[in-house]
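In my numbering, the protein residues as written are -9 to 190. Positions of the beta carbon are idealized from the N, C-alpha and C atoms, including for glycine.
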Amino acid sequence: MATTNELRCSRCFMPVEAVDGVAIVHDAPYAVANYGQCSGSGQPAIAGPGTPPAVWSSEDSRSYVELGVLPSPMPQVTREGWTVTLTGVRFTHQTHCGKCRRALLVATEGGTIQLGFSDKGRSFVKMRPGARATYDGPCPNNGCDYRVVIGGRSSHPLPGLPVVDGNTVQAREWERLRLELGVFTVNMTPDDLTRLRSTR
Ligand SMILES: [Zn+2]
Ligand SMILES: [Zn+2]
């Protein structure tokens, strides 16, 4: 996994060039026609990737950047036909404390997201968090020190969601696929399908 510390934009969280620590003017990572210039242009760049805490409370008032959840390691992107694979994606998982019942979160690394068009012209997304979330320690919620075990025999599997820069890369790749095929609607016409199948 890439562990290089790089400069990231404070708004889109993508790698960005900076002059004296200030992000140069750059476009939004996708849908430039809608978003235009990224609002992080001219703003101080941030260093990444951050290191998330072992566990944190959903009531924690710090931002994900302050916590180190963002920015995350940049996913690697590979493509085969009309399937794009993102590897090395950070996921967050939510569960709750068995005593105070309040929500808490953990992060895992190395997740995979596959997206693209099937042979029938349907869009698909498959997400697979890389590692099972684990934690064994005190509850991070204020005033509660109850021992929390995540990933143990009795704890339930947690739903995982990719962090926001993982979502941004997904959106960028969707845009690339759709631009290349020239299809922006949910349903494909027979002509679209012919093009799709002739170029897989
Ligand atoms: Zn930006
Ligand atoms: Zn608790």
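Quiz item: Would you say residue 16 touches ligand 1, meaning its beta carbon is less than 7 Å from a heavy atom?
Solution: yes
Self-check item: residue 157 versus 137, 100, 80 and 92, residue with shortest Cα-Cα distance
Solution: It is 80 whose Cα lies nearest to the Cα of residue 157.
Quiz item: In angstroms, rounded to a whole number, what distance separates the CA positions of residue 91 and residue 54?
Solution: 22 Å
Practice problem: May I ask you to list the residues that DSSP assigns as paired with residue 126? | Solution: 139
Quiz item: What are the boundary residues of the beta strand (DSSP E) that includes residue 113?
Solution: 113 to 118
Exercise. Give the DSSP-derived three-state secondary structure of residue 160 in the structure shown.
Key: The three-state reading of DSSP puts residue 160 in helix, counting H, G and I together.
Quiz item: Is the closest heavy atom of ligand 1 to the C-beta of residue 162 under 7 Å?
Solution: no
Quiz item: Who are the Cβ neighbours of residue 145 in its own chain at under 8 Å, not counting the five residues just before and after it?
Solution: 85 and 139
Quiz prompt | Close-in-space but distant-in-sequence residues of the same chain around residue 7 (CB under 7 Å, 5 per side omitted) | solution = 14
Exercise. Verify the contact flag: residue 177, CB atom, against every heavy atom of ligand 2, threshold strictly below 7 Å.
Key: no
Quiz prompt | residue 124 versus residue 97 - alpha carbon distance | solution = 9 Å
Exercise. On a CA-only basis, which of 3, 43, 49 and 149 is nearest residue 29? Give me that one, please.
Key: 3
Quiz item: If we count the other Cβ atoms within 10 Å of its Cβ and call it buried at 16 or more, is residue 40 buried or exposed?
Solution: By the neighbour-count rule (16 or more Cβ atoms within 10 Å), residue 40 is buried.
Exercise. Could you pull out every residue in the same chain whose Cβ sits closer than 8 Å to the Cβ of residue 168, ignoring the five residues on either side in sequence?
Key: 174
Quiz item: Does the count of Cβ pairs from the region 103 to 113 and the region 130 to 138 closer than 8 Å reach three?
Solution: no
Self-check item: Closest Cα partner of residue 112 within the set 152, 171 and 27
Solution: Cα-wise, what sits closest to residue 112 is 171.
Exercise. State yes or no: is the C-beta of residue 4 nearer than 7 Å to some heavy atom of ligand 1?
Key: Flag set: Cβ of residue 4 near ligand 1.
Quiz item: What three-state label does DSSP hand residue 9 in the structure shown?
Solution: In the three-state reduction of the DSSP assignment, residue 9 falls in the strand class.
Quiz item: From the beta carbon of residue 58, is the nearest beta carbon of chain B less than 8 Å away?
Solution: Given the protein chain composition of this structure (a single chain), no chain B is represented.
Practice problem: May I ask you to verify whether the region 10 to 25 touches the region 57 to 70, counting CB pairs closer than 8 Å and requiring at least 3? | Solution: A contact is defined here as three or more CB-CB pairs under 8 Å, and the region 10 to 25 fails this definition with respect to the region 57 to 70.
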